[in-house]
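For the record, in the sequence shown the residue sitting at position 194 is 227 according to the numbering used here, with numbers rising by one throughout.
Some notes on the structure that comes next.
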Amino acid sequence: MPCFNAENYLDSAIESIISQSFSNFELLIIDDGSCDSSTNIIHSFNDDRIFYFRLEENMGSNFAKNFGIRKAKGRYIALADGDDISLPERLKTQYDFMENSDAFCIGSQYLSIDKEGDLIDKVIRPLDFEMVKIFLLADNYIHQHTWFFRNPFLYKHHCLFKNFFQYSDGYNFIVSISQFFKVQNLPDFLVKYRVHKEQLSIHESRKRTISGDNIRRRQLENFKFKFTKQELSLHLTLLRRGYLDDVEISQIENWINKILEANEVRKIYDSDLLYTFFADLGLRAIENNKLGIWSIEKTLLNYLNELSLKPLAILEFGSGMGTEALLKNHNVTSIEHNIEFCTQRSERHHCLLAPIENGWYKVEQVESVLIKKKYDFVLVDGPPGDLRSGILNHISLFRSLDSVYIFDDINRKEDFEIMESFCSSLSLTYKIIEGDKKKFAVCSKENF
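Quick look at the structure:
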């Protein structure tokens with residue numbers, strides 16, 4: 034159990050282990066240079082199964098996990114974290130399974146919880162090895178906080194955590210192991226995994242994507258066929274369930290067939306399961322390409338693309354699948370209030386987190402973006418109602434901007450009225466463009 038400044042949750046994390054129905058274990062707690070009260074909390078437990086190790090400085094989670102693995106004496110190793118909760122039957126369930134299995138590493142289903150311990154979601158993962166191995170092409174589908182694996186073979190096969198993959202260490206670890214041994218998930222819910230909204234910064238989320246893409250590419254190379262830079266980009270976006278434009282959509286079938294044919298030669302994956310996996314991804318890509326009702330429409334996207342052969346500088350309020358569509362041809366800055374959507378989606382994208390204050394985005398954050406650069410277009414998108422109307426209380430922020438404004442979803446009466454009030458306040462004229470499912474308004478100082 035590595036921990037770093039986990040004083041708020043460490044007590045319950047340790048208690049969840051020492052209270053397990055299975056009792057024959059040692060609990061190795063590696064304090065990764067904490068500067069809070071973690072040490073005192075650990076020493077408050079009087080249990081001779083607990084072994085405490087303190088690193089004098091923060092070395093990072095990979096170092097701490099490798100340190101613990103080297104110290105472990107047991108036949109099996111279970112990973113836990115200083116803010117998660119292992120359910121009472123976790124160790125017994127995993128131990129009993131491994132005693133009668135040829136698997137090297139197993140995980141389980143898990144419950145994601147918030148800071149207060151309230152349920153966010155029940156996370157379901159594929160079970161058997163053949164299916165898990167295929168899903169690993171896209172991401173880590175054996176959550177590392179549920180891992181239970183055999184100890185002696187790690188050094189022999191150099192399967193320790195690598196700092197090079199610090200932003201996707203669990204993904205790299207399980208993919209490396211799956212090259213040699215069977216990995217799978219149990220159907221039981223055995224862990225409560227605590228989700229912190231601030232766990233990963235916006236910049237770090239981009240690093241995690243890049244690190245994950247290196248692992249995805251490495252697995253693609255196992256098929257032993259040549260692919261172009263464009264094919265690799267299509268492949269990675271397909272696996273990440275991102276946005277593919279119309280040209281890329283037309284290339285999906287040939288690309289998937291290329292992978293399926295290579296697999297028939299290499300015999301790496303179960304052919305039927307691999308076909309089903311990529312067929313599902315293809316259908317998802319087609320749906321994403323349509324840009325749903327909560328996203329910008331294709332009509333708006335085409336309107337912007339036809340205006341200039343050069344990338345436009347676009348500022349948008351809100352971020353999502355529509356952002357990925359815009360980034361195919363333009364440079365985008367997003368102002369987003371929800372940290373789950375505020376992620377750097379490419380090198381030409383910047384996302385600023387601006388929490389809601391007094392009914393609108395935090396004004397200081399918006400102002401910092403507006404003064405940094407000139408924007409060709411400002412896209413006023415986002416949810417209906419009070420949040421969008423908040424822009425009317427901050428008209429002064431936009432008076433000096435020489436930009437064209439686009440208001441999406443103006444078929445909604447309240448949003449049409451917001452757009453009209455905004456344009457009137459800045460002496461802008463507007464024109465309405467009809468999309469397939471909704472309307473948008475283009476507002477400019479020039480007459481249409």
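Every residue gets a Cβ at the ideal spot worked out from N, C-alpha and C, and that includes glycine.
Predicted model, so just to flag it, every value in this text is computed and none were measured.
- DSSP places residue 461 in the coil class of the three-state scheme, outside both helix and strand.
- Straight-line spacing of the CA atoms in residue 129 and residue 106 works out to 19 Å.
- Per DSSP, the beta-bridge partners of residue 65 are 88.
- Apart from the 5 residues on each side of it in sequence, residue 54 sits with its Cβ closer than 8 Å to the Cβ of 121, 122, 124, 125 in its chain, given in chain order.
- Within the DSSP bridge table, the entry for residue 466 names 473 as partners.
- By the C-beta density criterion, residue 330 is buried, having at least 16 other C-beta atoms within 10 angstroms.
- Annotation: the continuous alpha helix (DSSP H) that includes residue 127 extends over 123-132.
- Between residue 194 and residue 139, the C-beta gap is not smaller than 9 Å, which leaves the two residues out of contact.
- In this structure, residue 39 lies near residue 69, with their beta-carbon atoms less than 9 Å apart.
- For residue 335, the secondary structure class from DSSP, reduced to helix, strand or coil, is helix.
- In the DSSP secondary-structure assignment, residue 180 is not bridged to any residue.
- In this model, residue 361 and residue 112 are separated by some 40 Å (Cα to Cα).
- DSSP places residue 369 in no alpha helix (DSSP H) but in the uninterrupted beta strand (DSSP E) bounded by 364-369.
- For residue 40, no beta strand (DSSP E) encloses it, and the DSSP letter there is neither H nor E.
- Going by C-alpha positions, residue 162 is about 48 Å away from residue 402.
- Relative to residue 269, the option among 352, 339, 172 whose CA is nearest is 172.
- With contact defined as three or more Cβ pairs closer than 8 Å, the segment 237-247 and the segment 292-299 are not in contact.
- Per DSSP, reduced to three states, the secondary structure at residue 228 is coil, with no helix or strand assignment.
- Here the segment 375-391 lies against the segment 345-360, with 3 or more beta-carbon pairs under 8 Å apart.
- In the pairwise beta carbon analysis, the segment 262-282 is classified as touching the segment 314-321: at least three pairs are separated by under 8 Å.
- In this structure, 409 is the residue among 349, 395, 409, 323 with its C-alpha nearest to the C-alpha of residue 343.
- Where residue 383 is concerned, there is no enclosing alpha helix (DSSP H), although the beta strand (DSSP E) around it starts and stops at 382-386.
- By the neighbour-count definition (other C-beta atoms within 10 Å, threshold 16), residue 226 is a buried residue.
- In the three-state reduction of the DSSP assignment, residue 480 falls in the coil class.
- With a threshold of 16 other beta carbon atoms within 10 Å, residue 212 falls short and is exposed.
- DSSP lists 145 as the bridge partner or partners of residue 154.
- For residue 174, the closest of 151, 153, 205 by C-alpha to C-alpha distance is 205.
- For residue 277, the secondary structure class from DSSP, reduced to helix, strand or coil, is coil.
- Nearest Cα to residue 420 within the set 395, 433, 404: 395.
- Going by DSSP, residue 400 is part of the alpha helix (DSSP H) stretching over 396-403.
- Judged by DSSP secondary structure, residue 347 falls within the beta strand (DSSP E) whose first and last residues are 346-350.
- Cβ atoms of residue 413 and residue 350 come within 8 Å of each other, at about 5 Å.
- Exposed is the label assigned to residue 258, since fewer than 16 other Cβ atoms lie within 10 Å of its Cβ.
- Listed as beta-bridge partners of residue 218 by DSSP are 140.
- Counting the other Cβ atoms within 10 Å of the Cβ of residue 76 gives fewer than 16, which makes it exposed.
- Of 59, 303, 299, 284, the smallest CA-CA separation from residue 318 is found for 284.
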